[in-house]
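Undergrad: I'd like to ask some things about the structure below.
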Amino acid sequence: RGAAGRRFLISGGSWYGNDSIWRMIYDLNRIVLYAKPEGGVLSESPQRQYLAIVDGVVSGEGNGPLQPLPVETGIIGISNNPFVVDTALAHLMGFDYRKVPQLSHHREFGKDSWGDFDPATLVVQMDGRELRGIQSLPVLHPFLPSAGWRGHIELLAADRVA
130 RGAAGRRFLI SGGSWYGNDS IWRMIYDLNR IVLYAKPEGG VLSESPQRQY
180 LAIVDGVVSG EGNGPLQPLP VETGIIGISN NPFVVDTALA HLMGFDYRKV
230 PQLSHHREFG KDSWGDFDPA TLVVQMDGRE LRGIQSLPVL HPFLPSAGWR
280 GHIELLAADR VA
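Under the working numbering, the residue at position 55 of the sequence shown is numbered 184, and the numbers go up by one with no gaps.
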């Protein structure tokens, strides 16, 4: 049972042990970054600029994206790297990026690419301040993970900024 006594269904690939979803996410991101405008094979170099904008003014927790429970977080995330913005937002939600495969495997996306960053030295602009390192970010709200991830991705209390 989830928040407010709701029942959540674990189905398909929506569980912590799924080792294929992150690979599909990487394949799709490789297409976005490296696909030539005229089609055909993927290029060796990026083919376009990219800007990830995440509207988290009202976010969702629990059984998202189909039955999320609303959480007013009042945040907008922006980056030219989707892995960086997702890593930062995961921490702000109270999740440990090292336990989320599509984030923990970021280096496998490729050197000199979106995967080439170190969360420990990441620089984030937040509320007019510059924060260095993923651990320097606060947890805005400890989000309830979906049922298949509950108990597997949450940050430990020692990893949270007071």
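The beta carbon of each residue, even a glycine, is placed where N, CA and C say it ideally should be.
Is it buried or exposed, Pro248, if we count other Cβ atoms within 10 angstroms and call 16 or more buried?
TA: buried
Undergrad: Our contact map puts Leu157 next to Tyr179 with C-beta atoms below 8 Å; I'd like the distance itself, whole angstroms only.
TA: Not quite, the Cβ-Cβ distance comes to about 13 Å (not below 8 Å), so this is no contact.
Undergrad: What number of angstroms, rounded off, separates the C-alpha of Met101 from the C-alpha of Pro230?
TA: Shown here, the chain extends from 130 to 291; a query on residue 101 therefore has no answer.
Undergrad: Three-state secondary structure (DSSP) at Arg130?
TA: Residue confidence for Arg130 is low, a pLDDT of 48 falling below 50, so the modelled location carries little weight; the figure read from the coordinates is stated next. In the structure shown, the three-state DSSP call for Arg130 is coil.
Undergrad: Give the straight-line distance between the Cα atoms of Val170 and Arg177, rounded to the nearest whole angstrom.
TA: The alpha-carbon atoms of Val170 and Arg177 are separated by roughly 15 Å.
Undergrad: With Tyr145 and Ile263 assumed to form a contact (beta carbons below 8 Å), what rounded beta-carbon distance in angstroms separates them?
TA: Actually they are not in contact, since the Cβ atoms of Tyr145 and Ile263 sit about 20 Å apart, beyond 8 Å.
Undergrad: Suppose the cutoff is 6 Å on Cβ atoms and the five residues either side in sequence are ignored; what does the same chain contact list for Trp243 look like?
TA: Asn210 and Phe212
Undergrad: Is Tyr226 near the ligand COA, judged by its Cβ being under 8 Å from some heavy atom?
TA: Within the structure as shown, the ligand COA is missing, as the structure has no ligands at all.
Undergrad: Under three-state DSSP, which class holds Asp247?
TA: coil
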